[in-house]
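Numbering (our numbering), first residue to last: -12 to 636.
This report concerns only the one structure given below.
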Ligand code: C2E
Ligand code: CA
Ligand code: CA
């Protein structure tokens, strides 16, 4: 920019300078020309009539007369300025010329002579030729008529050559200072503008590098963006091929990010994303490229990865660091991530394919809840299936393809106190699809509300049909985090209870601890309203989140369901046993009912009974089953536990 400014201003300077000097030259030359004519007229009127005769104009003067005229002209006409003079006859013939230099032409041009004789003086810039060896001299020539008698007819013409050198000197004396002033003016202006220009051009350069940076980086985390990731991945793959080394692409997606964003707001969501970036930075090496592909999706390029074992270790490490709770403000949030890995060159040498395969592995990790997964060809098949599922789900919800199974819950005295409604998808070609494979899909595609409504209706209707089993039997229905934002949900549930003619106390709504934990005032409001209706609220998967006791106290919660991972391990792990025991104690202090999920053995049953747990649910009692089957199951007397499980009527 500075350069172009310099060039433009220099061109402008030259143009203005040239224009100015042309103007001055033109002006000075014109003045000089008039001066020449004046001079010539003065000569023709005052000196020539006395010296010349009519005879002189008849023809070229002879040698004697020429000598006389030479003397006259040298004395009276030629000066420092008038350097040459010539006389022409009326017919244009040269009759005399001053001695200096060779005579150019012997005749004047007819048109010139004619005009001059008519009283029109002529002038022109010309050169006076000199004898060899001397430079030609620039001159102004002026023509005037010669009249021997005042007021008489012209007898011929006088032509004088006026030296241009003094005129040129004159012009220079004006133009040079003008140009100096002009140049100085420009220089001053330039000096004044220069700092400004330098600053401006620096800012522009800075701006453009920043734009360049922004186009390739994520503003929020400062990590590379998808574009930069792909741009660097291509050449990295080529380099691996050339050097025979191998690398890997890791793609990770946060499992509960949407929940946090929806319930806590973007502000907290952003804080989580920044923290994820920071943790990835801590764990990875300088030459590994970390990018945020968009949303809650991140990617890492490992440029050097000796073998699968190394990559596996890194993937596990990354999963571990993301598993740790994120402390945002006063909350401790568990986000968890699923990591998908594709190896280069083993799984592809093309950037897009590699990312796509890592993505596929990531989805596999998400649905199998294994944390991380390495791509294999088998995944290609199941990911197609996942896509098909997503497309089919909408139809499934409206087409009665959803079926509800029921799993009983019993007190430790052996009485069946209720059932949990668990949805399945009776897929036309895939058979019975478990909820883990389509609930997340429904949550992400806006189908979870119609799905929940379907399950609620079905479960309440079913409860009516089990009226003969007594009115103490409850049904529990699972809610997703999104429902806690739905302020219309309480009214909708009130209506459904009325439609099915079921007492509100017989409906239990299960919300996961994590969705509770991330909910703001709005969720509390929804829960309070539900509490007012009279439905019972259970906190599901308790122990997997990090909700505070203080917080739980403020909520209208009736039941805590200890997560099956703790219950299942309580007889082997001291730690898990401790969690189960403290949860039971906690529930008692808060006046809550406590349910143990995943009770699979009599050993666990006994241990829970010992600790004072209220209710058990698990395969030991029964797996979830279709409604008709439950009807038969409940009528059958059995001795699966120490105490006889019977129906309390
Ligand atoms: P959940 O709410 O924790 O449901 C209990 C899950 O544990 C059920 O899996 C059940 O089959 C399983 N289970 C019960 N007893 C045992 C046991 O003794 N051992 C073991 N290993 N597992 C046991 P299911 O039916 O596959 O449901 C999985 C999850 O899907 C549920 O977990 C719940 O989060 C979700 N889900 C199911 N139905 C619905 C629904 O209608 N709406 C929503 N939003 N989520 C649902
Ligand atoms: Ca549940
Ligand atoms: Ca559960």
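Backbone N, C-alpha and C define an ideal beta-carbon position, used for all residues, glycine too.
Annotation: residue 466 to residue 222 spans about 47 Å, alpha carbon to alpha carbon.
Going by DSSP, residue 46 is part of no alpha helix (DSSP H) at all; its letter is neither H nor E. Selection 586, 617, 36, 364 evaluated against residue 399 yields 586 as nearest (Cα-Cα). According to the DSSP secondary-structure assignment, residue 574 is paired through a beta bridge with no residue.
In the three-state scheme derived from DSSP, where H, G and I count as helix and E and B as strand, residue 196 is classed as helix.
Taking 8 Å as the cut-off, the beta carbon of residue 545 is found closer than this to the beta carbon of residue 524. For residue 140, no alpha helix (DSSP H) segment is defined, and its DSSP state is neither H nor E.
Annotation: residue 356 to residue 325 spans about 8 Å, alpha carbon to alpha carbon.
By the neighbour-count definition (other C-beta atoms within 10 Å, threshold 16), residue 255 is a buried residue. Per DSSP, residue 216 lies in no beta strand (DSSP E) segment; the continuous alpha helix (DSSP H) that holds it begins and ends at 213 to 230. CA-CA distance, residue 420 to residue 376, rounds to 10 Å.
In this structure, residue 456 places its C-beta atom within 8 Å of the C-beta atom of residue 621.
Residue 587: not part of any beta strand (DSSP E); DSSP gives it neither H nor E. Rounded to the nearest angstrom, the gap between the Cα atoms of residue 438 and residue 329 is 35 Å. In the three-state DSSP reduction, residue 436 falls in the helix class (H, G or I). DSSP assignment within the stretch 280 to 324 yields the following whole beta strand (DSSP E) runs of 3 residues or more, N-terminal first: 284 to 289, 313 to 315, 318 to 320.
In this model, residue 423 and residue 191 are separated by some 54 Å (Cα to Cα). In the DSSP assignment, residue 497 falls within the unbroken beta strand (DSSP E) covering 494 to 499. Of 75, 361, -11, 10, the smallest CA-CA separation from residue 101 is found for 75.
Distances taken from the Cβ of residue 423 to the heavy atoms of ligand 3 include none shorter than 7 Å. With a cutoff of 8 Å on beta-carbon distance, residue 550 and residue 580 are scored as not near each other. The alpha-carbon separation between residue 270 and residue 237 amounts to approximately 13 Å. Taking the Cβ atoms as the reference, residue 213 lies roughly 7 Å from residue 278, within the contact range of under 8 Å. Take the alpha-carbon of residue 444 and the one of residue 225: they are about 58 Å apart.
Selection around ligand 2 by beta-carbon proximity, strictly under 6 Å to any non-hydrogen atom, yields 407, 465, 497, 527 in chain order. The residue from 446, 541, 71, 126 with its alpha-carbon nearest to that of residue 518 is 541. Taking the Cβ of residue 402 as the reference point, every heavy atom of ligand 3 lies at 7 Å or farther away.
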